[in-house]
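Before any comments, here is the structure.
Residue numbers (this note's numbering), protein chains in the order written: chain A, 392 to 538; chain B, 392 to 538; chain C, 392 to 538; chain D, 392 to 538.
Have a look at this one:
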């Protein structure tokens with residue numbers, strides 16, 4: 392089965408710009424989160440349900456490449472895929488581009504531990520590994536910077 | 392005993408600017424929070440301790456007057472005072488100005504309920520009313536927009 | 392002609408929550424901005440066009456009432472209306488509620504000056520007063536806290 | 392001459408927490424910015440001066456390792472160093488730890504282009520390469536993830 396690739400469009404908020412006239416760099420990580428949320432929802436397991444079942448996904452690593460400018464009110468497309476990474480980590484790969492021109496804006500990935508509510512690592516539950524087997528990519532290497 | 396007036400200096404972060412070249416408006420409410428934190432610490436009851444004792448202070452109202460621009464790296468002075476407001480509310484009055492010139496940047500107030508961890512209103516505990524009796528202002532009317 | 396009432400749905404981002412488990416208070420002002428953006432777009436004059444024509448709308452005042460909790464991934468409805476306020480100010484009134492239950496989350500208003508790019512007040516251009524005459528409310532008093 | 396290592400202490404704001412009870416991941420990049428600002432100031436060239444001289448430092452890459460939790464009001468120490476990276480890029484390496492215990496919170500680096508105000512890459516001006524020769528590290532490799 393082909394890996395799930397989710398898609399979400401959003402508009403750059405004024406609050407996300409900075410005095411350089413483009414988006415402030417940390418906003419990319421917030422948009423990465425929007426991409427993860429959308430991927431999990433489309434995979435059938437909204438992240439709220441995950442937390443309700445006792446599995447949290449704190450970040451252990453994030454890498455962002457800044458590839459182009461985006462201004463207030465620009466419509467951006469956030470494309471996400473995901474996969475297990477090693478035995479106990481999840482990795483989300485994200486690409487953000489201008490929705491109309493396709494011009495790249497930012498890309499990268501986040502790596503997540505699986506923990507309980509107190510932040511202690513847990514073995515990924517069966518429902519999570521099954522979800523990733525069904526919808527995840529198999530090429531998520533920990534050190535593959537291109538995601 | 393004179394009411395406590397706390398003071399805190401902070402610098403405008405690049406992340407707090409927007410493409411208009413001044414601070415983004417919602418940042419004022421984040422700086423108001425810095426002012427409250429400082430006031431409670433100087434009053435001898437850091438807000439972390441309050442939450443540990445089971446009293447939370449969610450906002451029920453905020454009012455902000457935007458009075459001047461502030462740019463990246465400007466040093467701002469956040470001056471705060473507080474008081475009980477009615478029987479069960481706290482009010483913090485804040486003034487933010489340029490630390491060097493004194494030029495006003497923003498002012499206003501926030502009104503807070505006292506709740507338990509689940510957000511349910513509780514009667515302000517004795518240690519809180521005593522703290523406010525010792526350090527608070529007595530002129531905190533709910534409708535006094537000037538704080 | 393009836394005043395324009397715009398509507399926009401958005402989901403609460405994880406980045407917008409805080410450790411109290413609801414949205415952080417300043418996020419309300421960011422959502423107010425989303426409401427303004429939507430209103431201006433539906434009125435036929437996206438805010439980007441306004442800035443291109445040389446008219447900026449910095450805030451001079453904001454008032455927010457916090458009415459209910461909203462958690463990560465909740466779908467919120469942002470309803471906005473606008474009007475001239477005095478001779479040279481614009482006022483946006485905003486109501487945010489849970490999209491499904493209709494439960495109120497936050498409401499309030501922002502008051503805006505009309506300025507040039509450097510922040511200097513200008514007389515509202517004819518195209519702006521005409522837009523507000525066509526789509527704006529006529530009851531936007533400066534001191535009407537309920538918006 | 393030994394490379395400059397700057398240090399800045401800051402407290403976690405409530406606005407920087409999320410419902411997991413630790414800081415929201417993107418805040419790390421905002422604290423990285425605080426570290427860069429401090430380094431440049433201590434090196435004698437505040438970033439505001441750089442922009443006034445026409446040199447901007449937009450990010451081309453960021454990498455963050457999340458190493459430990461940090462809660463509201465925790466005092467954090469942000470330690471930064473910097474160096475030229477290739478011919479036309481700057482790299483800042485950052486370590487964030489708990490100010491009192493020294494426990495690591497986050498680390499990583501950002502890589503910056505040197506551009507004019509419109510975002511076009513420029514050759515690093517002499518005053519910038521001289522500054523980096525005086526205060527920078529010489530081991531800033533582009534692919535050295537450990538910074």
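Using N, Cα and C, we set each Cβ at its ideal position, and we do this for glycine too.
| field | Cβ neighbours of residue 441 of chain C in the same chain (closer than 8 Å, five flanking residues each side left out) | value | Excluding sequence neighbours, residue 441 of chain C sits near 431, 447, 448 and 519.
| field | chain A within 7 Å of residue 400 of chain C, Cβ atoms only | value | Taking Cβ atoms only, chain A never reaches closer than 7 Å to residue 400 of chain C, which makes this a no.
| field | Minimum Cβ-Cβ distance from residue 410 of chain D to chain C less than 7 Å | value | Against chain C, the CB of residue 410 of chain D has a partner CB under 7 Å away; the residue lies at that interface.
| What three-state label does DSSP hand residue 440 of chain B in the structure shown? | The three-state reading of DSSP puts residue 440 of chain B in helix, counting H, G and I together.
| task | Would you list, in chain order, the members of the stretch 453-464 of chain B that have their beta-carbon closer than 7 Å to a beta-carbon of chain D? | result | Taking 7 Å as the cut-off between beta carbons, the residues of the stretch 453-464 of chain B near chain D are 463 and 464, in sequence order.
| said: Could you compute how far the alpha carbon of residue 435 of chain D sits from the alpha carbon of residue 464 of chain B? | reply: Note on geometry: alpha-carbon atoms of residue 435 of chain D and residue 464 of chain B lie some 14 Å from one another.
| task | Look up residue 426 of chain D in the DSSP assignment and say whether it is helix, strand or coil. | result | Helix.
| request: Give the residues of chain C in contact with residue 425 of chain A, contact being defined as C-beta atoms less than 8 Å apart. | output: Simply 404.
| Whole-Å CB distance - residue 512 of chain B paired with residue 504 of chain B, under 8 Å assumed | Correct: roughly 5 Å between the Cβ atoms.
| task | Under 7 Å between beta-carbons, which chain C residues line up against residue 417 of chain D? List them in chain order, please. | result | For residue 417 of chain D, the C-beta contacts it makes with chain C under 7 Å involve 406, in order along the chain.
| With a cut-off of 7 Å, does the C-beta of residue 395 of chain D fall near any C-beta of chain A? | No, its Cβ sits nowhere closer than 7 Å to a Cβ of chain A.
| task | Tell me whether residue 393 of chain D is buried or exposed, calling it buried when 16 or more other Cβ atoms sit within 10 Å of its Cβ. | result | Exposed: under 16 other Cβ atoms inside 10 Å.
| task | From the DSSP output, in three-state form, read off residue 448 of chain B for me. | result | Of the three classes helix, strand and coil, the one that applies to residue 448 of chain B here is coil, per DSSP.
| Near residue 407 of chain C, what residues of its chain come up, given a Cβ to Cβ distance below 7 Å and the 5 sequence neighbours on each side ignored? | A distance below 7 Å between beta-carbons, with the five flanking residues on each side excluded, links residue 407 of chain C to the following residues of its chain, in chain order: 414, 415 and 418.
| task | Please go through the same chain and pick out, in chain order, the residues whose beta-carbon is closer than 8 Å to the beta-carbon of residue 401 of chain B, but skip the five residues on each side of it. | result | Around residue 401 of chain B: 422, 425, 466, 467 and 469.
| said: Measuring only the C-alpha atoms, how far is residue 499 of chain B from residue 496 of chain A? | reply: The C-alpha of residue 496 of chain A is placed about 38 Å away from the C-alpha of residue 499 of chain B.
| field | With 16 other Cβ atoms within 10 Å as the buried cut-off, status of residue 478 of chain D | value | Residue 478 of chain D should be labelled exposed.
| message | Against chain B, which members of the stretch 436-449 of chain C pass a CB distance test of less than 7 Å? | response | Answer in chain order: 447 and 449.
| Is the distance from the Cβ of residue 399 of chain D to the Cβ of residue 429 of chain D below 7 Å? | The Cβ-Cβ distance between residue 399 of chain D and residue 429 of chain D falls below 7 Å.
| query | For residue 469 of chain B, which beta-bridge partners are listed by DSSP? | reply | Note: residue 469 of chain B is bridge-paired with B/399 and B/487 in the DSSP secondary-structure output.
| field | Other residues of its chain near residue 403 of chain D: CB distance less than 7 Å, five sequence neighbours each side excluded | value | The residues are 414, 461, 462, 463, 464, 465 and 467.
| field | Status (buried if at least 16 other CB within 10 Å, exposed otherwise) for residue 484 of chain D | value | Flag for residue 484 of chain D reads buried.
| said: Measuring alpha carbon to alpha carbon, tell me which residue in A/395, A/410, A/530 and A/411 is nearest residue 476 of chain A. | reply: The shortest Cα separation from residue 476 of chain A among A/395, A/410, A/530 and A/411 belongs to A/530.
| query | Hey, does residue 470 of chain B have any beta-carbon neighbour from chain C nearer than 7 Å? | reply | With respect to chain C, the C-beta atom of residue 470 of chain B has no partner C-beta closer than 7 Å.
| How many angstroms separate the CA atom of residue 490 of chain A from the CA atom of residue 444 of chain B? | Those two C-alpha atoms are separated by around 49 Å.
| Taking all protein chains shown into account, do 16 or more other C-beta atoms lie within 10 angstroms of the C-beta of residue 525 of chain A, making it buried, or fewer, making it exposed? | Its Cβ having fewer than 16 others within 10 Å, residue 525 of chain A is exposed.
| field | Closer than 9 Å at the beta carbon, the chain D residues around residue 466 of chain B | value | Proximity of chain D to residue 466 of chain B at the Cβ level (cut-off 9 Å) is not reached, the minimal Cβ distance being about 12 Å.
| task | Please look up how many angstroms separate the CB atoms of residue 451 of chain B and residue 502 of chain B, rounded, as I've assumed it's under 8 Å. | result | 5 Å between Cβ atoms; contact.
| said: So for residue 480 of chain C, helix, strand or coil by DSSP? | reply: Here residue 480 of chain C sits in strand by DSSP.
| task | Quick one: grab the DSSP three-state call for residue 393 of chain B. | result | Correct three-state label for residue 393 of chain B: coil.
| query | Roughly how many angstroms separate the alpha carbons of residue 487 of chain A and residue 523 of chain C, rounded to a whole number? | reply | Cα to Cα, the separation comes out at about 36 Å.
| residue 497 of chain C bridges to which residues according to DSSP? | Residue 497 of chain C is bridged by DSSP to C/457 and C/487.
| request: Count the other C-beta atoms from every protein chain shown that fall within 10 angstroms of the C-beta of residue 471 of chain B, then say buried if there are 16 or more, exposed otherwise. | output: By the beta-carbon neighbour count (other beta carbons within 10 angstroms, threshold 16), residue 471 of chain B is buried.
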